Amino acid sequence: MEDDAPVIYGLEFQARALTAQTAETDAIRFLVGTQSLKFDNQIHIIDFDDENNIINKNVLLHRAGEIWHIGASPADKAVLTTCYNKTSDSRVVSCAAVWRMPSDWETGSNESPDDSAHNPQTLELLCHLDDGAHSNAACVLWEPMGDGKRVISLADNHALLWDLQESSTQATVSSSATLEGKGQLKFTSGKWSPHHNCSQLATANDTAIRGWDLRSMSQIYCIENAHGQLVRDLDFNPNRQYYLASCGDDCKVKFWDVRNVQEPVKTLEEHSHWWRMPLCTCTHTHTHTHTCYLEKKDILAEHIHNCR
Amino acid sequence: MESSRKRRVHGMLKLYYGMNEEGKAAEQAKSLDPCDINGPHFDHEVFLNKLRRECSLAELMDQETCMVKQIRSLDSDMQTLVYENYNKFISATDTIRKMKNDFKKMEDEMDGLSANMAAITDFSASISGTLQDQHAQITKLSGVHTLLRKLQFLFELPARLNKCLELQAFAQAVRSHRRARCVLQQYSHLPSFKGIQDDCHAIMDKLAQELRQKFRDGGSSAKDLSECVELLLQLDEPAEELCDKFLSHARSRLELELQALEAEITPCPSASAVKDPPARRLPSAAAAGSPTDNLPKTGATPSPTSNTDILEFIDRGCNEFVSSLCLVITSYQELFITHAQTGELASKNIPQMASAKLNAFVDDLAARYFSLVERRIQEEKGVGDNSLLVRALDRFHRRLQAVTKLLPGSAVAHRGTEIVMRAATERVKQYLSALQSFYMDSLTDVRQALATPRLAGASGPGGGAHFGGAAASGRDAPTSLPELLSSLSASILNQIKSVLASVHLFTAKDITFSNKPYFKGEFCSQGVRESLVVNFIKFVCQSSRQFCDNAGDKGGSTPPALLLLLSRLCLDYETSTITYILTLTDEQFLVQHHSPVTPVTTLCAEAREAAQKLLNHYVKVQGLIISQMLRKSVETRDWVNTIEPRNVRAVMKRVVEDTTSIDVQVGLLYEEGVRKAHSSDSSKRTFSVYSSSRQQARYAASYTPSAPMDTNLLSNIHKLFSERIDIFSSVEFNKVSVITGIIKISLKTFLECVRLRTFGRFGLQQIQVDCHYLQMYLWRFVSDENLVHFLLDEIVGSSAHRCLDPAPMEQSVIEVICERG
Numbered sequence: 036m037e038d039d040a041p042v043i044y045g046l047e048f049q050a051r052a053l054t055a056q057t058a059e060t061d062a063i064r065f066l067v068g069t070q071s072l073k074f075d076n077q078i079h080i081i082d083f084d085d086e087n088n089i090i091n092k093n094v095l096l097h098r099a100g101e102i103w104h105i106g107a108s109p110a111d112k113a114v115l116t117t118c119y120n121k122t123s124d125s126r127v128v129s130c131a132a133v134w135r136m137p138s139d140w141e142t143g144s145n146e147s148p149d150d151s152a153h154n155p156q157t158l159e160l161l162c163h164l165d166d167g168a169h170s171n172a173a174c175v176l177w178e179p180m181g182d183g184k185r186v187i188s189l190a191d192n193h194a195l196l197w198d199l200q201e202s203s204t205q206a207t208v209s210s211s212a213t214l215e216g217k218g219q220l221k222f223t224s225g226k227w228s229p230h231h232n233c234s235q236l237a238t239a240n241d242t243a244i245r246g247w248d249l250r251s252m253s254q255i256y257c258i259e260n261a262h263g264q265l266v267r268d269l270d271f272n273p274n275r276q277y278y279l280a281s282c283g284d285d286c287k288v289k290f291w292d293v294r295n296v297q298e299p300v301k302t303l304e305e306h307s308h309w310w311r312m313p314l315c316t317c318t319h320t321h322t323h324t325h326t327c328y329l330e331k332k333d334i335l336a337e338h339i340h341n342c343r
Numbered sequence: 050m051e052s053s054r055k056r057r058v059h060g061m062l063k064l065y066y067g068m069n070e071e072g073k074a075a076e077q078a079k080s081l082d083p084c085d086i087n088g089p090h091f092d093h094e095v096f097l098n099k100l101r102r103e104c105s106l107a108e109l110m111d112q113e114t115c116m117v118k119q120i121r122s123l124d125s126d127m128q129t130l131v132y133e134n135y136n137k138f139i140s141a142t143d144t145i146r147k148m149k150n151d152f153k154k155m156e157d158e159m160d161g162l163s164a165n166m167a168a169i170t171d172f173s174a175s176i177s178g179t180l181q182d183q184h185a186q187i188t189k190l191s192g193v194h195t196l197l198r199k200l201q202f203l204f205e206l207p208a209r210l211n212k213c214l215e216l217q218a219f220a221q222a223v224r225s226h227r228r229a230r231c232v233l234q235q236y237s238h239l240p241s242f243k244g245i246q247d248d249c250h251a252i253m254d255k256l257a258q259e260l261r262q263k264f265r266d267g268g269s270s271a272k273d274l275s276e277c278v279e280l281l282l283q284l285d286e287p288a289e290e291l292c293d294k295f296l297s298h299a300r301s302r303l304e305l306e307l308q309a310l311e312a313e314i315t316p317c318p319s320a321s322a323v324k325d326p327p328a329r330r331l332p333s334a335a336a337a338g339s340p341t342d343n344l345p346k347t348g349a350t351p352s353p354t355s356n357t358d359i360l361e362f363i364d365r366g367c368n369e370f371v372s373s374l375c376l377v378i379t380s381y382q383e384l385f386i387t388h389a390q391t392g393e394l395a396s397k398n399i400p401q402m403a404s405a406k407l408n409a410f411v412d413d414l415a416a417r418y419f420s421l422v423e424r425r426i427q428e429e430k431g432v433g434d435n436s437l438l439v440r441a442l443d444r445f446h447r448r449l450q451a452v453t454k455l456l457p458g459s460a461v462a463h464r465g466t467e468i469v470m471r472a473a474t475e476r477v478k479q480y481l482s483a484l485q486s487f488y489m490d491s492l493t494d495v496r497q498a499l500a501t502p503r504l505a506g507a508s509g510p511g512g513g514a515h516f517g518g519a520a521a522s523g524r525d526a527p528t529s530l531p532e533l534l535s536s537l538s539a540s541i542l543n544q545i546k547s548v549l550a551s552v553h554l555f556t557a558k559d560i561t562f563s564n565k566p567y568f569k570g571e572f573c574s575q576g577v578r579e580s581l582v583v584n585f586i587k588f589v590c591q592s593s594r595q596f597c598d599n600a601g602d603k604g605g606s607t608p609p610a611l612l613l614l615l616s617r618l619c620l621d622y623e624t625s626t627i628t629y630i631l632t633l634t635d636e637q638f639l640v641q642h643h644s645p646v647t648p649v650t651t652l653c654a655e656a657r658e659a660a661q662k663l664l665n666h667y668v669k670v671q672g673l674i675i676s677q678m679l680r681k682s683v684e685t686r687d688w689v690n691t692i693e694p695r696n697v698r699a700v701m702k703r704v705v706e707d708t709t710s711i712d713v714q715v716g717l718l719y720e721e722g723v724r725k726a727h728s729s730d731s732s733k734r735t736f737s738v739y740s741s742s743r744q745q746a747r748y749a750a751s752y753t754p755s756a757p758m759d760t761n762l763l764s765n766i767h768k769l770f771s772e773r774i775d776i777f778s779s780v781e782f783n784k785v786s787v788i789t790g791i792i793k794i795s796l797k798t799f800l801e802c803v804r805l806r807t808f809g810r811f812g813l814q815q816i817q818v819d820c821h822y823l824q825m826y827l828w829r830f831v832s833d834e835n836l837v838h839f840l841l842d843e844i845v846g847s848s849a850h851r852c853l854d855p856a857p858m859e860q861s862v863i864e865v866i867c868e869r870g
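Chains U and P, in that order, are what the protein sequence lines are. To convert a position in the first sequence, counted from 1, into my numbering, add 35. To convert a position in the second sequence, counted from 1, into my numbering, add 49.
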């Protein structure tokens, strides 16, 4: 794969949200959510054909607002979550919701790609992840390898564990954890560990990375000052249970062993140029242990890193 | 006249008697002339003819008178001569006649003499004939006398021996016995002699017993002892046994001395454990001033590890143990080796046996002594006064030479040298650790000096002043940053020099071991140059790097000013100090590089790398501090519902102030650096995004759904291919580059924070105002002002993009607000 030229795909709008669709086992598929304050936002479904090294795309409309985070259900490839900003009357509200893709998006796109660009189909809302008490969701995490019934949302300084019922049309908070400390702490991102029976969660706030035990909803480890500047995103190695990767505004990608958080296992510092710095998102697809960076807002490229 | 005449007369007489044959040849030449009246070939005819022919009458007359006169005088001369000779002849005749008479008389007397002699011979023969008998008798008698005296000696021997025994005069007894022994042995078949022999044996056995007892008791002095041994040897005691006894005796005494030495070491370990660390440290802060009188100062306070200092200890060891050992060796060799070689014992291989025993003995004891010395040296950890140790080692080494001289084959000297080498190597290690701890202490001092707040008046006469003292005195470095740097580097350099001087003592000319090949070669190159100097430089670089690695992302545990200062220090090392130190070392120690040594360039590269890393880290830390301010200011504000901007936000002023104070701080240590030429209206520049008509087109286009992305995409693609800006790239060693790096990081963070927010109309306008303000002040710090323009453009552009109602503020209004605030 390294031999091939990078595959580049352009979007109309700026985008910040990217995820791999793990429920889709036949293809390597990514979902991208766009950010536009003035137009209807879109979700781009991108299939990467690694045999031919080409990309197929489909577009769905996400009218609720600009997408800050996107998550695909591990069980149902038609279900996804987004965190989005809704602007109304000089107020910006961050919400989280569970959506279902229209059943016929694939067929529609196949018939006439041009039409789909002009008249894209709209997502169907399943439920809001809103219990009335917590707002400003930063991200929504699906239980990895789960049955698509449990999600965690990170809202301000709370981590909320939701149970989705009745085909995901109803959501209730089953438990929650709160980040305590001085100042206005706020989760910026997180990842649900696929190891240990999916009982662990890692979150990032400012420059710190924290691990949580979901059974007791208590903190199990904390990497203070994991990065010199804000931690943008993190992810678990799908093959090695204690290994964690993180990236931050200091232009570094670090690899951690959560059993010994004093020092990173490895630090990559090659991302020191303009485009890549703050917007990288680590994503492991389950066919390849590689990292896919979302680079400059509307340019998607794929970089392969062997993270061993 | 008279004399010449006389000579002439003699000459003529000679001529007459045919003497003086050899003179003739000369005279012949002139006397061949027949006219020469004096010549032998005178021809009167020719002469007369010639006269007659040539002369006048008067002349002839004169000639004649002259001639007559001459003839007359000649005649008288002749007469005189004849008379004289006659007289002589007469007296000679008289003498001969007289002699004839005398000889006759003498002959008669000689005859008388010979007759007398014959008579004497007869008498003498008759006398000796009569005396013959008596002579033989006397000879016999004297022989008997001597024999009798010998016999008397023998008979008296037992009594005499007993008396000697009583008087303890063993030597005399042995001497007497030796004299009698052979005779007694020879005549032992005679009963009387047998008795004497037995008596003697019994007494001598007793004597030997007594001697052995004395020997065993060991109370006697070495001299007595050796006398004992000598006597016993003479009494045919087995030499091997004696050797063993002698050595074991000597051993017991030497061991006592060793124990006394050991007693000086043992009581201390507990005390040393407590007191050691403070003693080991070099005087740190005081060293900066006068490092030359450092060493004496610490030397004055004795090492607390033991009661006696090392020199005293070694002295005692030398004076007591080594000299006793030498004494033992000498007397042993005299007794068993030198002595035995001449005597009859040589045949029994005794010298070989004895020297083998001696070697084993010396090796064993020396090993114990060495282990003691080594223990003592190991306790010598205070690096204060090296001269004491060197002198002690020198004495130690020097005194061992004596042993070597006595025992040429012994390994003692070699092992002693090894101990000295080990001690020297150990010492070098201690100096390295002392240097390292000195360096770390100095850093702590610097850190404290940096942390101590300076009076506001003392800080920055530079650009920082007009922004108010608060920022300048808080995080900012005091103006003494260059002073701190110079005093730090000077004190380190001085410390290195004084350590080198101390170590140099090991190779001083008057030290005996300094001419060993180890101290000439390996000690200088591997020991001093590599393990001390090079390792220290490496340590400096490494510890500097650790400031970047450890403190790295864990926040600013290291004050930024320290990073800056260390970076400058490393850079100075790279440019000059390392070369200087190594040249100094090589010169002082005349290092000859037999083995490969670390080249200067490698060290310089390492130092440069450390300096670069430190400076980069400094940029990151300072950038992070400003970034945090900007981030907080963006994140904590509700940008949608903000009011119309009236002022520049305070945080922007703070950013400019901090940047200015960093600029001052860096300017204290680093040169200005080059920057691109400023355009004439740098601070007045407006943001192209908003002033150009293109901007309008961009927003107008945005409202057309059919082509929502043209201009955006175009501008993005344009950016993709425009010059890339490395945010966290390495900086150069100058002020402008450092400040540029910090500003890049800060503005980039600002940009990224803005992109995460949503703005209302006034929010956007506030960003415009802030950016314009930054533009007004920051351009002067950076190498390329376009960089600031570009980043600020991006910020304003991004906030416009994230704006719900993008209505930019009038440029003129922005300018008014900025100039007011």
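The beta carbon of each residue, even a glycine, is placed where N, CA and C say it ideally should be. Here the structure is a predicted model, which means the values were calculated and not measured.
Against chain U, the CB of L633(P) has no partner CB under 8 Å away; the residue lies outside that interface. Residue contact with chain P for V127(U): present (Cβ-Cβ distance below 8 Å to some residue of chain P). Within the DSSP secondary-structure output, I63(U) pairs in a beta bridge with F83(U). Its chain contains A243, I244, W291, V296 as the residues whose beta carbon lies nearer than 7 Å to that of I258(U), once the 5 sequence neighbours on both sides are disregarded; these appear in chain order.
Annotation: the continuous beta strand (DSSP E) that includes Q254(U) extends over 253-258. For T122(U), the nearest CB of chain P lies under 8 Å from its own CB, placing it at the interface with that chain.
By the rule that beta-carbons nearer than 8 Å mark a contact, G100(U) does not touch chain P. Here the region 205-212 of chain P makes no contact with the region 168-182 of chain P; the two share fewer than three CB pairs at distances below 8 Å.
Residues of chain U with a Cβ closer than 8 Å to the Cβ of G809(P) are, in chain order, S125. The Cβ of R851(P) sits closer than 8 Å to at least one Cβ of chain U. Around the beta carbon of R267(U), 16 or more other beta carbons lie within 10 angstroms, which makes this residue buried.
By the rule that beta-carbons nearer than 8 Å mark a contact, E801(P) touches chain U. Contact check for K112(U) and A58(U): beta-carbon distance about 4 Å, within the 8 Å limit, so the pair qualifies. Excluding residues up to 5 positions away in sequence, L800, V803, R804 lie with their Cβ nearer than 8 Å to the Cβ of S847(P) in the same chain. Per DSSP, L853(P) is not a residue of any beta strand (DSSP E), being assigned neither H nor E. Taking a beta-carbon distance threshold of 8 Å, T798(P) counts as an interface residue toward chain U. Here the C-alpha atom of N368(P) lies approximately 30 Å from the C-alpha atom of A550(P). Closer than 8 Å to the CB of Q156(U) there is not a single CB belonging to chain P. Proximity of V689(P) to chain U, defined by a Cβ-Cβ separation below 8 Å, is satisfied. Between L534(P) and chain U, the shortest Cβ-Cβ separation is not below 8 Å. When DSSP states are grouped into helix, strand and coil, V422(P) belongs to the helix group.
Residue-level contact check: G263(U) touches chain P, since one or more beta carbons of chain P fall below 8 Å from its beta carbon.
Taking a contact to require three or more Cβ pairs closer than 8 Å, the region 156-175 of chain U and the region 194-212 of chain U qualify as touching. For S795(P), the closest Cβ of chain U is not nearer than 8 Å. Contacts with chain U at 8 Å (Cβ-Cβ) include S676(P). Our two residues, A62(U) and D82(U), have alpha carbons roughly 7 Å apart in a direct line. Identification of residues in the region 605-622 of chain P having a C-beta nearer than 7 Å to some C-beta of chain U yields an empty set. From the listed residues K793(P), K153(P), K406(P), D247(P), the smallest Cα separation to K294(P) is found for K406(P). By the CB criterion at 8 Å, W227(U) and L279(U) fall outside the cutoff.
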